[in-house]
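Trainee: Here it is, the structure in full.
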Amino acid sequence: ALNLTVGLFPRPLLNLSSANFAKIFDEASGYSLVPPFDPYDDCLKYLLASYVIPYMGLVGYVGANPLLIGYDSKA
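So in this note's numbering, spot 73 of the sequence shown is number 91, and the numbers just go up one at a time.
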């Protein structure tokens with residue numbers, strides 16, 4: 019129904035693996051965490067990881083915004 023109403027557009031695939039989150043948190047902290055960060059270990063780590071996804075998206079958009087050309091691509 020959504021496809022017929024507004025159409026679909028390609029979206030990036032998200033790698034939500036523990037290893038990927040561990041890499042992100044290692045880079046954010048500046049050193050390798052031991053044990054590696056695993057967002058699926060407990061509720062607090064899951065909450066921390068849930069804040070990473072929109073933050074990374076926002077940072078990516080702000081970084082790419084100057085590269086967008088024309089009003090239509092920025093709307």
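Even for Gly, the Cβ is constructed at its ideal location relative to N, Cα and C.
All values reported here derive from a predicted model rather than from experimental measurement.
For residue 72, which of helix, strand or coil comes out of DSSP?
Mentor: DSSP places residue 72 in helix when its eight states are reduced to three.
Trainee: Alpha carbon to alpha carbon, what distance is there between residue 26 and residue 51?
Mentor: Answer to the nearest angstrom: the Cα atoms are 39 Å apart.
Trainee: DSSP on residue 36, reduced to helix/strand/coil?
Mentor: Residue state, collapsed to three classes: helix.
Trainee: Is any non-hydrogen atom of the ligand ADP found closer than 7 Å to the C-beta of residue 61, if you look at the structure I gave you?
Mentor: With respect to the ligand ADP, the structure offers nothing, as it holds no ligand at all.
Trainee: Residues in the same chain with beta-carbon distance under 6 Å from residue 141, minus the five sequence neighbours each way, listed in chain order, please.
Mentor: What is shown of the chain runs 19 to 93, which leaves residue 141 out entirely.
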